[in-house]
Each structure stands twice: as structure tokens, then as C-alpha cells.
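Quick notes on the structure that follows.
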Amino acid sequence: MCRHLGWLGTPMSVHSLVLAPPNGLLVQSYAPRRQKHGLMNADGWGVGFYSPELPAGAPARWRSAAPLWGDASFASVAPVLTSGCVVAAVRSATIGMPIEAAACAPFTDGRWLLSHNGIVDRAVLPAPTDAESVVDSAVLAAHIFARGMDRLGETVARVGAADPNARLNILAGDGTRLLATTWGDTLSVLRRPDGVVVASEPYDDHPDWTDVPDRHLVEIYDGQVSLTALKGS
Ligand code: GLN
Numbered sequence: 001m002c003r004h005l006g007w008l009g010t011p012m013s014v015h016s017l018v019l020a021p022p023n024g025l026l027v028q029s030y031a032p033r034r035q036k037h038g039l040m041n042a043d044g045w046g047v048g049f050y051s052p053e054l055p056a057g058a059p060a061r062w063r064s065a066a067p068l069w070g071d072a073s074f075a076s077v078a079p080v081l082t083s084g085c086v087v088a089a090v091r092s093a094t095i096g097m098p099i100e101a102a103a104c105a106p107f108t109d110g111r112w113l114l115s116h117n118g119i120v121d122r123a124v125l126p127a128p129t130d131a132e133s134v135v136d137s138a139v140l141a142a143h144i145f146a147r148g149m150d151r152l153g154e155t156v157a158r159v160g161a162a163d164p165n166a167r168l169n170i171l172a173g174d175g176t177r178l179l180a181t182t183w184g185d186t187l188s189v190l191r192r193p194d195g196v197v198v199a200s201e202p203y204d205d206h207p208d209w210t211d212v213p214d215r216h217l218v219e220i221y222d223g224q225v226s227l228t229a230l231k232g233s
């Protein structure tokens with residue numbers, strides 16, 4: 001399983017969210033603490049974020065098929081990349097899936113960013129017309145985007161019913177809110193005075209991290225966090 005992280009709050013640097021924390025995505029790329037599937041996340045990584053300087057609410061993305069720990073150029077610019085909404089991920093490729101930047105989350109539909117921790121049988125999904133890669137996560141992202149982000153929980157429950165072996169932890173953002181699901185893997189939330197972090201696993205040992213139960217939808221908006229049980233739980 002890959003690992004992902006989202007931030008919604010006052011503008012923060014990507015360095016402080018992704019690279020600096022003692023057990024953040026950088027460390028999770030080679031030494032995750034809660035990963036149940038796969039030992040490390042060396043098959044690429046990506047980050048997307050929003051800025052008032054970008055046109056029409058579209059995010060900027062930086063993705064690579066190389067391990068996060070080797071991306072010295074990114075590390076040098078990360079302190080000056082600041083945003084109030086960030087979605088980042090490190091990847092452990094499922095066997096048989098391509099190793100390429102286009103297979104790394106976050107995927108986008110032009111406005112939303114979306115990351116997937118898990119695995120899904122592409123045969124239960126409609127034939128992709130505009131997926132960014134043939135990787136299962138990109139095909140799933142295209143399906144979720146096509147059905148609409150307001151139906152994320154329903155879509156995850158339906159795909160989970162069609163493929164009982166699927167693991168469907170999704171994290172998505174659009175600049176003003178974050179949505180996440182738990183379906184087979186870990187997820188934790190940290191409420192900070194300046195915003196909310198949602199992550200596959202805590203990036204430090206702060207006592208305020210709380211674990212999200214399996215098969216739930218998490219909605220984060222304007223500093224509020226709400227949890228809803230998904231059908232089939
Ligand atoms: N199945 C996806 C991939 O191959 C995600 C893998 C994961 O969550 N580790 O990239």
C-alpha cells in the first residue's frame with residue numbers, strides 16, 4: 001500500500017508537511033510504521049497543491065517515478081512551495097503495474113487531486129477513457145471523477161462490493177475541502193490550531209492524532225472534521 005497525506009488549513013510549505021516531520025512521507029518512503037502491505041514506498045511519489053496564482057482553481061503537481069528520498073531538486077524547492085491545500089503520496093507499486101510518473105498519485109480531473117492506497121481489480125471498473133495511466137489507481141480515479149466527488153463514499157462502497165478483495169483508501173482535495181475513505185487500510189487525522197492533517201499514518205507521535213475506523217468517509221472543511229460510516233460496514 002502506498003501512503004498519502006493531505007493538509008487543509010493556513011498556507012504551509014510542502015517541506016514542512018512532507019519532508020520535515022520525523023515520520024512524514026519522506027521517512028515513510030523507506031520506513032513506514034503502519035504499512036500492512038509492502039515494506040517500503042520506493043516506486044515514485046507525487047504532490048499536488050493549490051495556489052491563488054494558478055488559473056481557475058487548478059492544482060500544480062510534481063510527480064516522479066523515482067523514490068522521494070532521491071529527489072534532491074524537489075527538496076531544494078519544497079520550502080518555497082506553500083499552500084493551504086496539499087495532497088501528497090509515496091508509492092509502492094502493486095505487482096504488474098507500470099512504474100512511471102503518470103501512475104503516481106495524485107491524479108487529477110483538472111480541479112480535484114486524488115490519491116489511492118490499495119488495490120482494485122480493474123475488471124470491475126468501466127473501461128477507462130481518460131485515465132492518466134493503466135495503473136489500477138488511475139483507472140479507479142477516473143471512475144470516481146466520472147461519478148462525481150459528491151458520491152465518493154457511495155462509489156467506494158459499490159466498488160468494494162464488486163471486488164471483495166479491494167482496498168480502497170482514497171484521499172482527495174479541491175483546494176477548499178478534503179475527502180478521504182477508509183476501506184482496508186489505516187488512516188489518521190490530526191487537528192491542529194492552524195488546520196487539519198489526514199494521513200495514512202501519523203507523521204509524528206503527537207497525542208492528538210486519532211485513528212479513523214475502517215469503512216468510513218472523512219470530510220474536512222473549514223476546520224471541521226466529520227465521519228460517516230460507509231454502506232457495507
Ligand atoms: N495499486 C496501486 C499501484 O500499483 C497502489 C498501490 C499501493 O497502494 N501500494 O500503484
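Following full-length UniProt numbering, the numbering of the sequence shown begins with 1 at its first residue and continues without gaps. Note that beta-carbon positions come from the ideal geometry of N, C-alpha and C, so glycine has one too. Treat the numbers as computed from the prediction; the structure is a model and nothing was measured.
Cβ of I119 versus every heavy atom of the ligand GLN: is any distance shorter than 8 Å?
-> I119: yes, Cβ under 8 Å from the ligand GLN.
Mind reading off the beta-carbon distance from L8 to V18? Whole number of angstroms is fine, and I expect it under 8 Å.
-> About 15 Å separates the two Cβ atoms, so there is no contact after all.
Taking the C-alpha atoms as reference points, what is the distance between G57 and P213?
-> Each residue's Cα considered, the two are about 32 Å apart.
Length of the line joining the Cα atoms of Y221 and V134 = C-alpha separation (whole angstroms): 32 Å.
Does the separation of the CB atoms of Y30 and G84 fall below 9 Å?
-> Contact flag unset, no.
Quick one: does the C-beta of D136 sit closer than 8 Å to a heavy atom of the ligand GLN?
-> For the ligand GLN, a non-hydrogen atom lies closer than 8 Å to the CB of D136.
Between G153 and the rest of its own chain, which residues show a CB-CB distance below 6 Å, the 5 nearest in sequence each way excluded?
-> The answer, listed in chain order, is L217 and L230.
Verify whether the separation of the beta carbon atoms of E201 and R34 is less than 9 Å.
-> Contact: yes.
Compute the minimum distance between the beta carbon of M40 and the heavy atoms of the ligand GLN, and state whether it is under 8 Å.
-> No; taking the cut-off as 8 Å, the Cβ of M40 has no heavy atom of the ligand GLN nearer than that.
From M40 to C2, what does the alpha carbon distance come to, in whole angstroms?
-> Each residue's alpha carbon lies about 8 Å from the other.
Beta-ladder partner(s) of L8, from DSSP = DSSP, once it has assigned bridges, lists C85 and V196 as partnering L8.
Distance, L227 Cα to G148 Cα | Straight-line spacing of the CA atoms in G148 and L227 works out to 19 Å.
Residues near T82 by beta carbon distance below 7 Å, same chain, minus five either side = Apart from the 5 residues on each side of it in sequence, T82 sits with its Cβ closer than 7 Å to the Cβ of P11, M12 and S13 in its chain, given in chain order.
In DSSP terms, what H216 is bridged to | Beta-bridge pairing links H216 to T182 and A229.
H37 and R215: beta carbons closer than 9 Å?
-> The answer is no: Cβ separation not under 9 Å.
Per DSSP, Q224 is paired with what?
-> Note: Q224 sits in a beta bridge opposite Y221.
Identify whether R76 lies in helix, strand or coil by the three-state DSSP scheme.
-> The displayed chain sequence assigns Ser, not Arg, to residue 76. Collapsing the DSSP output to three states places S76 in a helix.
Please find out if some non-hydrogen atom of the ligand GLN comes closer than 8 Å to the beta-carbon of T94.
-> Answer for T94: yes, Cβ within range of the ligand GLN.
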